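> Got a structure for you, written out below as structure tokens; questions coming shortly.
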Amino acid sequence: MKIIVVDNYNEMSKKAANIIASCIVLKPNSVLGLATGSTPLGVYKELIKLYENSDVDFSNVCTFNLDEYYGITKDNDQSYSYYMKENFFKHVNLKEENTHIPDGTCKNVDTMCQSYEDIIKQHGGIDVQILGIGQNGHIGFNEPDDKFVADTHLVKLKEDTVNANSRFFETIEDVPKEAVSMGIKAIMKAKKIILIANGINKAEAIYKTIKEDVTPEVPASILQFHSDVTVIVDKEAASKL
Ligand code: GLP
């Protein structure tokens, strides 16, 4: 793992965006794995700036999001589809048909999960995957467990994740309790992974991910087994390293 400690959130966002942009410059039809949450918002802002300055062109880029809440529609302003459209997709020249997000309303979830993985494969796999991290060490919505779940699947969210995500909702009852998430195998198959984290509330998860044993109790710790991971953290998230 390559660990880069930066001064603040803006620097973290710029560094991650620059790595992604350089991948696209080298391979204009790059396949990006995208994350949601508050952490990557700055990365999307930086990528939009790079696009506006004509430094990067998304016209041949294809994207796959890690996860989506289950049971809310795409146009719900809390869905990850809505988040991606508002915070990134509508600001750059990505073609809509090249953007993929798990369907959070699909009745036959298993079939949808399988076909999501098939489409990633048909595109040649993910070139660069951006990841945030949950306070409990989750990546995507792969929650702490007694085993790693390999495949894209329906997840029952842990209480601490529901609590952490409730800040985006009016009441805790409104927070979906299930989600569809790319599994650990799909994430680990990405050729390159960038994990970003900022703030003191991520320090423990970052420490366990990097310094302790690989365990499904800290899903992000599996990244120690990947050959090309760059962790970009601000001073606070790095404070226990
Ligand atoms: C959600 C997402 C994760 C994200 C995590 C952390 O649970 N499914 O992909 O990494 O939140 O979110 P934040 O960046 O807001 O701390």
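To convert, note that position 85 of the sequence shown is 83 in our numbering; the numbers rise steadily by one, no gaps.
Heads up, the beta-carbon is just placed ideally off N, CA and C, and yes, glycines get one too.
What you are looking at is a predicted structure, and each value in this text was computed from that prediction instead of being measured.
Does DSSP classify Thr150 as helix, strand or coil?
coil
> Sort out for me which residues DSSP pairs Val178 with in a bridge.
DSSP lists Glu66 and Leu152 as partners of Val178.
> Could you please give me the residues that DSSP links to Thr213 through a beta bridge?
The bridge partners DSSP lists for Thr213 are Val216.
> According to DSSP, is Gly35 helix, strand or coil?
It is coil, neither helix nor strand.
> Would the beta-carbon of Asp73 be found less than 7 angstroms away from any heavy atom of the ligand GLP?
no
> Please indicate yes or no: does the CB of Asn8 lie closer than 7 angstroms to some heavy atom of the ligand GLP?
no
> Look up Ile185 in the DSSP assignment and say whether it is helix, strand or coil.
helix
> So, for His98: in the same chain, excluding its five sequence neighbours on each side, which residues have a beta-carbon less than 6 angstroms away from its beta-carbon?
Phe62
> Take Val107 and list the residues in its own chain whose beta-carbon comes closer than 6 angstroms to its own, dropping the five residues that flank it on each side.
Leu152
> Going by C-alpha to C-alpha distance, which of Ser57, Ile17, Asp65 and Ser164 sits closest to Glu44?
Between Glu44 and the set Ser57, Ile17, Asp65 and Ser164, the nearest pair of CA atoms involves Ile17.
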